[in-house]
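Peer 1: Protein sequence lines, in the order shown, are assigned to chains A, B, C and D. Going by UniProt numbering, the first residue of the first sequence is number 1, and it counts up by one from there. Going by UniProt numbering, the first residue of the second sequence is number 1, and it counts up by one from there. Going by UniProt numbering, the first residue of the third sequence is number 1, and it counts up by one from there. Going by UniProt numbering, the first residue of the fourth sequence is number 1, and it counts up by one from there. A virtual CB, placed ideally from N, CA and C, is assigned to each residue, including glycine. Got a structure here, written out as structure tokens. Questions coming.
There are 4 protein chains.
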Amino acid sequence: MSDNRPALGVGMVGYSFMGRVHSQAWRSVGAFFDLPVAPVMAVLSGRSEERTAAAAASLGWAAVENDWKDLIRRDDVDIVDVCTPGESHAEIAIAALEAGKHVLCEKPMANTVAEAEAMAAAAERAAERGVRSMVAFNYRRVPAVALARQFVAEGRLGVLRHVRAQYLQDWIVDPEFPLVWRLQKDKAGSGALGDIGSHIVDTAQFVTGQLLTGVSGLTETFINDRPTAEESAGLAAGSAGAESTGHVTVDDAAVFIGRLSGGALASFEATRFATGRKNAMRIEINGSLGSLYFDFESMNELWFHDHTLPAEEAGFRRILVTEGGHPYAGAWWPPGHGLGYEHTFSHEVKDFLEAIGTGTDPAPSFADGLRVQRVLAAVEESAAGDSRWTPIPQ
Amino acid sequence: MSDNRPALGVGMVGYSFMGRVHSQAWRSVGAFFDLPVAPVMAVLSGRSEERTAAAAASLGWAAVENDWKDLIRRDDVDIVDVCTPGESHAEIAIAALEAGKHVLCEKPMANTVAEAEAMAAAAERAAERGVRSMVAFNYRRVPAVALARQFVAEGRLGVLRHVRAQYLQDWIVDPEFPLVWRLQKDKAGSGALGDIGSHIVDTAQFVTGQLLTGVSGLTETFINDRPTAEESAGLAAGSAGAESTGHVTVDDAAVFIGRLSGGALASFEATRFATGRKNAMRIEINGSLGSLYFDFESMNELWFHDHTLPAEEAGFRRILVTEGGHPYAGAWWPPGHGLGYEHTFSHEVKDFLEAIGTGTDPAPSFADGLRVQRVLAAVEESAAGDSRWTPIPQ
Amino acid sequence: MSDNRPALGVGMVGYSFMGRVHSQAWRSVGAFFDLPVAPVMAVLSGRSEERTAAAAASLGWAAVENDWKDLIRRDDVDIVDVCTPGESHAEIAIAALEAGKHVLCEKPMANTVAEAEAMAAAAERAAERGVRSMVAFNYRRVPAVALARQFVAEGRLGVLRHVRAQYLQDWIVDPEFPLVWRLQKDKAGSGALGDIGSHIVDTAQFVTGQLLTGVSGLTETFINDRPTAEESAGLAAGSAGAESTGHVTVDDAAVFIGRLSGGALASFEATRFATGRKNAMRIEINGSLGSLYFDFESMNELWFHDHTLPAEEAGFRRILVTEGGHPYAGAWWPPGHGLGYEHTFSHEVKDFLEAIGTGTDPAPSFADGLRVQRVLAAVEESAAGDSRWTPIPQ
Amino acid sequence: MSDNRPALGVGMVGYSFMGRVHSQAWRSVGAFFDLPVAPVMAVLSGRSEERTAAAAASLGWAAVENDWKDLIRRDDVDIVDVCTPGESHAEIAIAALEAGKHVLCEKPMANTVAEAEAMAAAAERAAERGVRSMVAFNYRRVPAVALARQFVAEGRLGVLRHVRAQYLQDWIVDPEFPLVWRLQKDKAGSGALGDIGSHIVDTAQFVTGQLLTGVSGLTETFINDRPTAEESAGLAAGSAGAESTGHVTVDDAAVFIGRLSGGALASFEATRFATGRKNAMRIEINGSLGSLYFDFESMNELWFHDHTLPAEEAGFRRILVTEGGHPYAGAWWPPGHGLGYEHTFSHEVKDFLEAIGTGTDPAPSFADGLRVQRVLAAVEESAAGDSRWTPIPQ
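What follows is the structure, given as structure tokens:
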């Protein structure tokens with residue numbers, strides 16, 4: 001294979017849900033996109049020797065490390081892909097950047113604003129040395145969401161009046177669902193708010209090209225105690241097994257309202273208790289000239305209302321975002337042959353590699369990740385303080 | 001016609017949009033429902049002699065009055081149907097109740113909490129004398145909404161976790177749309193909040209069987225000055241015609257979040273700036289055992305997710321609410337032959353007449369109307385006070 | 001009431017399903033449309049003295065006759081509205097036309113082509129004397145269907161390539177559903193084919209402005225014997241009650257394919273066995289420049305794909321057919337406040353009265369009804385003859 | 001990597017659309033499914049030396065051959081994956097089977113019934129020697145379609161009454177679209193009928209578990225002459241370039257009706273002229289106890305109507321086919337994180353490899369492919385013979 005492109009070794013930390021989908025992206029991206037660099041699935045790191053080795057074999061990683069610090073030290077690693085829970089993002093990402101590795105970091109970028117600030121500062125320093133960083137807000141890379149951004153940027157919606165965003169799931173409705181790490185504040189930072197609320201905050205800011213200026217919010221934990229998860233139980237010596245329960249220390253749901261820098265009213269809802277909604281990441285935007293609607297459960301569709309048409313023939317139209325001219329879509333299949341969840345990661349990795357190859361800074365940057373973190377913190381502050389209006393520092 | 005039922009004369013005040021649709025209800029109800037009393041379209045009142053006469057002729061009212069006080073005085077009027085703007089509701093309704101007339105009053109019941117309190121007190125006094133009163137929250141009488149209430153009441157949704165309600169319209173998106181009475185605080189009380197926000201507040205409380213305990217809100221007027229409407233211009237002597245503009249004194253949109261007495265989180269949005277949404281009165285309710293979704297733009301459908309089914313066969317199902325066993329529907333056409341907007345008023349009038357005929361108090365009562373008014377006031381108070389949490393007095 | 005318009009007395013024959021909905025149309029039309037003539041609900045006729053009287057009282061007809069021939073003879077009857085089963089259409093309609101009465105006749109216009117030919121001939125003779133006739137294909141008066149016709153007529157779809165029409169119901173899926181008159185050939189002429197197939201044939205020809213030139217078809221009766229309906233049992237002396245069964249003599253379903261005069265391929269399906277489909281009268285039309293889709297179960301919506309738009313922003317759009325500029329819709333409520341099944345009849349009656357008042361021939365004419373009848377006959381002929389291609393005489 | 005599974009070398013013939021998607025399947029399948037054998041992407045063959053090498057590099061094939069006969073001869077090839085146009089399927093597949101290679105063959109299996117018969121015979125002989133063969137009707141592997149099959153097999157639909165299948169595309173609506181190989185009978189066998197009609201015939205027979213017993217059909221070519229495609233032009237010496245046109249020798253659309261072995265009526269439509277429909281592979285099945293609906297444009301959804309529920313709560317429900325318990329879905333992502341077009345091929349390859357590994361015959365077999373071919377031939381025979389009923393030999 002006569003490939004003159006520079007090869008870039010990827011080292012991935014973590015092999016769980018995010019690790020699996022990132023692996024599929026690294027594995028596939030080169031077959032569909034002409035990239036200026038050639039990614040090599042070099043090293044996977046994870047704490048459990050046995051499980052990491054099995055994951056590497058099944059996912060296609062060439063080598064294994066059991067300490068992420070060793071992964072960062074390797075010469076065959078040019079890119080560090082951080083797929084761990086939020087608690088370790090800051091430490092890993094900053095260390096990697098300081099070691100001169102490009103960093104792709106899962107979201108939410110951090111568990112606290114302080115961590116996020118440190119990460120953004122590290123990213124800024126690294127950028128001066130040509131080291132790139134990016135937060136993995138993958139929903140920006142849904143073709144329909146990218147098309148929505150394009151429509152707004154082109155002025156097709158006019159002056160924006162309303163943003164209505166929801167991220168609805170239902171996987172912990174059952175009180176017997178165990179106390180996994182995502183329900184523990186020390187590991188996950190927050191609950192639905194950080195995990196999925198961060199996505200709709202980022203998506204809203206990305207698609208509108210505006211920032212939230214303030215929020216007023218409520219959070220709620222509907223079920224306060226849950227059976228200890230086996231995994232967690234294993235960590236706690238002397239656990240009494242299935243009988244034991246633990247305290248949920250994060251929100252089950254968050255609702256908040258706010259204003260965008262351009263004057264629009266916004267409302268947000270993130271919940272894991274919307275029975276029957278599986279992964280309904282939704283956003284509707286209403287402007288003076290038109291509106292857009294998206295629901296990830298039908299991820300290949302963007303609904304667009306063109307208000308400049310005569311009223312008698314206007315209406316929300318279902319654009320199947322699978323045309324050759326649509327963002328990302330042309331690299332894949334003919335019109336009507338839809339993409340799936342994992343493709344958003346292939347697109348993310350493609351954009352990241354292109355930025356590295358062309359020496360530009362990819363988006364969303366760690367500064368963008370910090371902006372989202374500040375919104376999450378403001379929601380928590382408002383919720384803790386009588387829902388009072390809480391401005392977002394820019 | 002051998003009809004032994006007592007005939008009840010109806011006197012309607014106002015013949016505009018609400019007057020037209022109420023007329024269709026009074027005209028049609030008897031052909032579809034077996035009523036204990038027989039309504040007679042007796043008198044229509046309106047200030048303009050000529051226009052009231054024309055309206056009466058076209059709508060089928062037997063007589064005309066040009067002062068609602070004269071209408072109330074008439075012996076052939078047993079029921080007063082108040083279809084005027086909110087500013088006059090309290091005066092007319094209280095006078096009618098005191099004159100011993102049953103009163104059906106359009107929503108929002110009043111423009112202020114004080115008015116609403118006076119109305120509720122009058123209604124309570126009247127009820128002791130067997131005089132009935134009801135607020136015209138017609139959306140309760142959409143068969144799909146009534147079915148939703150039934151499902152919640154039967155426990156099909158379990159413990160309620162979320163209410164998500166929106167009333168989205170777009171009729172004043174154009175800045176050239178004139179300053180009609182609905183945009184003037186002295187006539188309408190408030191804007192989107194009172195006009196359509198009141199509907200979703202009532203519907204949410206009706207379907208859940210719970211009350212809002214507090215709210216945090218934002219309101220916004222996007223377009224502050226508008227061309228003076230011809231009608232209004234006519235009232236203002238010396239108006240300079242189409243050139244003149246006036247100030248919009250109500251909200252264009254309101255968003256608010258709150259909590260229900262049973263512990264659910266709720267979010268609400270009422271707007272006249274949701275481009276492309278024409279009359280999207282929507283509500284979704286998520287409970288521990290199931291969920292419901294309704295959108296008035298598809299008013300014959302109720303979406304129900306039964307979470308007690310195996311996950312592999314569960315999903316939101318589209319119940320076409322046109323079966324014989326569905327609320328109200330059996331009186332009309334065979335399954336699949338849908339109803340329209342006006343039918344909600346026929347159902348309202350039917351329930352009102354049945355309550356009168358059977359000597360019971362109809363719902364929603366003026367006390368219910370007061371409860372809604374208190375929510376609206378709390379939203380405005382919160383919006384004016386830094387979105388602070390504002391409890392609703394019960 | 002100073003009404004100088006000529007009053008026209010209406011005499012309706014039959015008071016069952018069609019009679020009820022026609023009554024609502026006659027009752028309501030005047031309040032919503034400015035008509036050149038004023039309809040008066042003069043006489044209702046039905047064979048059962050008691051039931052006809054009760055129906056007249058409840059539906060609002062001023063007088064009663066127990067023989068339709070007496071109804072036709074009355075001077076206060078100017079219009080005869082034929083709402084009986086198909087077997088009596090020809091006799092009543094022809095007699096009424098010969099007596100100089102305008103005739104509105106329910107569909108299918110007749111049970112045989114011969115009857116339809118006699119009716120069309122009678123209508124043609126009557127028209128020469130200014131006597132009007134119309135077939136009640138009410139679906140033409142769904143605003144969305146009328147808008148579809150308008151789009152095709154304006155060339156918005158270009159050259160038509162495909163028509164895909166279905167009328168799906170499920171009311172006789174249960175084998176215990178009784179042998180009502182609609183399942184008996186001597187009364188109904190045919191089954192799903194004539195009852196609902198006639199609607200989609202008419203709608204397809206109306207919307208496209210083209211005629212079917214030939215068909216190839218299959219029909220099927222899935223359940224051959226059913227319990228005798230009580231009503232029918234009553235007619236059969238000595239009936240053994242619920243135990244008795246009778247033979248279904250009509251089709252349960254018909255599927256056929258054909259060609260339109262403009263070259264499009266067409267496919268049709270009419271069935272009462274489409275479990276879960278209640279009244280899904282659907283039509284999709286694909287042309288070189290665009291497509292349309294309609295489903296009566298969502299009767300206020302027309303879906304339009306404009307293929308002249310760039311592919312990246314094209315898609316089927318949901319036009320809510322409730323705007324003031326839409327056919328019929330402006331007479332009713334504001335945008336987004338939908339209409340129901342019965343409104344199609346109000347529109348039908350309005351068009352009929354306007355034609356009478358302005359001295360023009362309304363559509364669909366009896367000649368149009370005959371054209372539909374010929375298609376139905378061709379389908380039956382093809383189905384009986386090895387599905388062979390069967391041309392439609394024009 | 002301690003992998004004790006037998007490695008099986010794959011040799012793929014063709015690298016165009018089907019070759020690209022098959023490559024993604026071979027590349028990904030091992031990371032998501034526990035397979036009894038380990039596929040190795042060994043050899044790619046194609047006629048153009050340069051293009052084949054480039055495709056192999058980009059798609060990840062280890063070696064290249066420029067004659068498929070050489071590919072078949074190789075010892076490192078255990079499986080032959082036939083991704084060429086239909087004209088060469090029979091020759092390649094039979095040669096491969098005779099050489100003892102397992103064969104996965106794209107659809108339609110052949111261009112004629114004679115070829116298909118020869119292939120089925122070769123497959124039968126090969127099976128006796130433990131050599132496996134399968135036709136790539138990938139839509140059977142859409143999780144929603146597999147779930148549909150499961151529901152029917154479990155009796156959830158009762159006795160089947162109707163099948164309504166359509167495959168609607170619009171990619172050749174423009175008369176300037178060139179004369180590609182799919183529009184030439186010598187290469188493609190037929191047009192929409194074989195290319196996409198074959199899919200709905202197979203899907204209908206698969207989901208119902210029944211066979212079509214006869215058909216009556218129409219076919220049409222709307223645009224008879226098209227610009228010669230550059231590729232084709234290149235093959236024709238002395239071509240005058242863009243000016244030249246060639247004759248379309250296949251159908252643009254086919255509509256046909258039929259009967260299934262269990263008594264249901266069926267209707268089918270395959271077209272490339274359904275403007276606005278991009279890849280609408282749809283099927284609805286109505287049975288005595290329930291109904292199913294699927295549209296590939298929303299491929300992660302299966303709509304199910306359970307007619308055994310009370311009518312008041314029944315309706316088509318949208319099952320998001322992404323649960324762990326759904327066919328194939330559990331191997332991928334959490335609920336609500338949908339799959340795309342290419343996953344159907346990963347599932348196909350997984351099932352094929354499992355059959356090889358466990359020594360069983362995979363489905364759909366070449367005998368199944370022959371059955372579909374016979375239906376296509378019957379449709380053409382009927383269309384050519386006055387749409388006469390044409391039985392399908394079983």
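Please determine whether the Cβ atom of D:Glu128 lies at a distance below 7 angstroms from any heavy atom of the ligand ATP.
Peer 2: Absence of the ligand ATP is noted for the structure shown, with no ligands found whatsoever.
Peer 1: For B:Arg47, does the count of other Cβ atoms within 10 angstroms reach 16, so buried, or fall short, so exposed?
Peer 2: Stepping through the second sequence from its first residue, residue 47 of chain B is reached at position 47. Sixteen is the threshold: since fewer than 16 other Cβ atoms of the shown chains lie within 10 Å of the Cβ of B:Arg47, the residue is exposed.
Peer 1: Would you kindly report the start and end of the unbroken beta strand (DSSP E) that includes D:Met281?
Peer 2: Position 281 of the fourth sequence, counted from the start, is the residue given in the question as residue 281 of chain D. Start and end: Ala280 to Gly287.
Peer 1: Please list the terminal residues of the continuous beta strand (DSSP E) segment that includes C:Thr219.
Peer 2: On the third sequence, residue 219 of chain C is found 219 positions in, with the first residue counted as 1. Looking at the DSSP string, the run of the beta strand (DSSP E) that includes C:Thr219 is Leu212 to Glu220.
Peer 1: If you measure between the beta carbons of B:Leu59 and B:Arg5, is that distance less than 8 angstroms?
Peer 2: Here residue 59 of chain B refers to the residue found at position 59 of the second sequence. Here residue 5 of chain B refers to the residue found at position 5 of the second sequence. For B:Leu59 and B:Arg5, no; Cβs fall outside 8 angstroms.
Peer 1: Would DSSP call C:Val77 helix, strand or coil?
Peer 2: Counting from 1 along the third sequence, the entry for residue 77 of chain C is found at position 77. Coil, per DSSP.
Peer 1: Drop a sphere of 10 angstroms on the beta-carbon of C:Ser210, count the other beta-carbons inside from all chains shown, and report buried for 16 or more, exposed for fewer.
Peer 2: Position 210 of the third sequence, counted from the start, is the residue given in the question as residue 210 of chain C. Before going on, a small fix: residue 210 of chain C reads as Gln here, not Ser. Looking at its Cβ environment, which holds 16 or more other Cβ atoms inside 10 Å, C:Gln210 is buried.
Peer 1: Go ahead and pull the three-state DSSP assignment for A:Gly11.
Peer 2: Counting from one through the first sequence, the residue named residue 11 of chain A turns up at place 11. Strand, per DSSP.
Peer 1: Which runs of the beta strand (DSSP E), 3 residues or longer, sit entirely within the region 244–318 of chain A?
Peer 2: Counting whole runs of 3 or more residues, the region 244–318 of chain A contains the beta strand (DSSP E) stretches 245–247, 253–260, 265–271, 280–287, 290–295 and 301–306.
Peer 1: Which residues mark the beginning and the end of the beta strand (DSSP E) in which C:Arg226 is found?
Peer 2: Here residue 226 of chain C refers to the residue found at position 226 when the third sequence is read from its first residue. Asp225 to Pro227 is the span of the beta strand (DSSP E), which, as asked, contains C:Arg226.
Peer 1: On the DSSP letters alone, give me the boundaries of the beta strand (DSSP E) that residue 397 of chain B sits inside.
Peer 2: Residue 397 of chain B lies beyond the stretch modelled for chain B, which goes from 1 to 394, so this question has no answer here.
Peer 1: Determine the contact status of C:Glu297 and C:Ile319, defining contact as a CB-CB distance below 8 angstroms.
Peer 2: What you label residue 297 of chain C is simply residue 297 of the third sequence in a count that begins at 1. What you label residue 319 of chain C is simply residue 319 of the third sequence in a count that begins at 1. In this structure, C:Ile319 does not lie closer than 8 angstroms to C:Glu297 by Cβ.
Peer 1: Counting pairs of Cβ atoms below 8 angstroms between the region 338–349 of chain B and the region 7–25 of chain B, do you hit three or more?
Peer 2: yes
Peer 1: Please list the partners that D:Arg27 has in chain A, where partner means a Cβ-to-Cβ separation under 8 angstroms.
Peer 2: Position 27 of the fourth sequence holds residue 27 of chain D. Per Cβ cutoff of 8 angstroms: Arg27, Ser28 and Ala31.
Peer 1: When DSSP labels each residue in this structure, what does C:Glu128 get in the three-state scheme?
Peer 2: One-based indexing of the third sequence puts residue 128 of chain C at position 128. DSSP places C:Glu128 in helix when its eight states are reduced to three.
Peer 1: Assuming C:Val207 contacts C:Arg132 (C-beta within less than 8 angstroms), just tell me the rounded distance between them.
Peer 2: The residue labelled residue 207 of chain C in the question sits at position 207 within the third sequence. The residue labelled residue 132 of chain C in the question sits at position 132 within the third sequence. Contact between C:Val207 and C:Arg132 is absent: CB atoms are separated by about 23 angstroms, not below the 8 angstroms threshold.
Peer 1: On a Cα-Cα basis, can you pick out the residue from C:Glu284, C:Gly340, C:Arg156 and C:Arg272 that is closest to C:Glu220?
Peer 2: Taking the first residue of the third sequence as 1, we reach residue 220 of chain C at position 220. With distances taken between Cα atoms, C:Glu220 lies closest to C:Arg272.
Peer 1: In chain C, which residues lie with their C-beta within 7 angstroms of the C-beta of A:Phe304?
Peer 2: Walking along the first sequence from the start, residue 304 of chain A turns up at place 304. The answer, in chain order, is Glu313.
Peer 1: Hey, how far is the Cα of A:Trp181 from the Cα of A:Asn279?
Peer 2: Within the first sequence, residue 181 of chain A is the residue found at index 181, counting from 1. Within the first sequence, residue 279 of chain A is the residue found at index 279, counting from 1. If I take the Cα positions, the gap works out to 19 angstroms.
Peer 1: Take C:Ala363 as the anchor and find which of C:Arg374, C:Val349 and C:Leu71 has the nearest alpha-carbon.
Peer 2: Translated into the one-based positions of the third sequence, residue 363 of chain C becomes position 363. Ranked by Cα distance from C:Ala363, the first of C:Arg374, C:Val349 and C:Leu71 is C:Val349.
Peer 1: Just the Cα atoms here: how many angstroms apart are C:Val10 and C:His305?
Peer 2: Residue mapping note: residue 10 of chain C aligns to position 10 of the third sequence, counting from 1. Residue mapping note: residue 305 of chain C aligns to position 305 of the third sequence, counting from 1. Spanning the two alpha carbons is a distance of roughly 42 angstroms.
Peer 1: By how many angstroms is the C-alpha of B:Arg164 removed from the C-alpha of B:Glu380?
Peer 2: Taking the first residue of the second sequence as 1, we reach residue 380 of chain B at position 380. Taking the first residue of the second sequence as 1, we reach residue 164 of chain B at position 164. For B:Glu380 and B:Arg164, the distance between alpha carbons rounds to 19 angstroms.
Peer 1: Just how far apart, CA to CA, sit A:Pro36 and A:Ile79?
Peer 2: In the first sequence, the residue the question calls residue 36 of chain A occupies position 36. In the first sequence, the residue the question calls residue 79 of chain A occupies position 79. For A:Pro36 and A:Ile79, the distance between alpha carbons rounds to 15 angstroms.
Peer 1: So for C:Ser28, helix, strand or coil by DSSP?
Peer 2: Looking up residue 28 of chain C in the third sequence gives position 28. In this structure, C:Ser28 counts as helix in the three-state DSSP scheme.
Peer 1: Assuming D:Leu168 is part of the beta strand (DSSP E), what are its boundary residues?
Peer 2: Counting from one through the fourth sequence, the residue named residue 168 of chain D turns up at place 168. Start and end: Leu160 to Leu168.
Peer 1: If you draw a straight line from the alpha carbon of B:Val250 to that of B:Leu179, how long is it in whole angstroms?
Peer 2: Looking up residue 250 of chain B in the second sequence gives position 250. Looking up residue 179 of chain B in the second sequence gives position 179. Each residue's alpha carbon lies about 11 angstroms from the other.
Peer 1: According to DSSP, which residues form a beta bridge with B:Met18?
Peer 2: Numbered from its first residue, the second sequence carries residue 18 of chain B at position 18. Paired residues: none, contrary to the question.
Peer 1: Here's a check: name, in chain order, each residue in its chain whose Cβ is nearer than 8 angstroms to the Cβ of A:Thr112, leaving out the five neighbours to either side.
Peer 2: Along the first sequence, read from residue 1 onward, the residue named residue 112 of chain A stands at position 112. Cβ neighbours of A:Thr112 beyond the five flanking positions: Gly189, Gln373 and Ala377.
Peer 1: Contact between the region 380–392 of chain B and the region 157–174 of chain B: three or more CB pairs below 8 angstroms?
Peer 2: no
Peer 1: If the cut is a Cβ gap below 8 angstroms, which residues of chain B does D:Phe316 touch?
Peer 2: Locating residue 316 of chain D in the fourth sequence gives position 316, counting from the first residue. Residues of chain B passing the Cβ test: Arg317 and Arg318.
Peer 1: Chain C partners of D:Thr271, CB-CB under 9 angstroms?
Peer 2: On the fourth sequence, position 271 is the one that residue 271 of chain D refers to. Among the residues of chain C, those whose CB is under 9 angstroms from the CB of D:Thr271 are Arg161, His162, Leu265 and Asn286, following chain order.
Peer 1: In chain order, what residues of the same chain lie with their CB nearer than 8 angstroms to the CB of residue 399 of chain A, ignoring the 5 residues before and after it?
Peer 2: Since the first and last residues shown for chain A are 1 and 394, residue 399 of chain A lies out of range.
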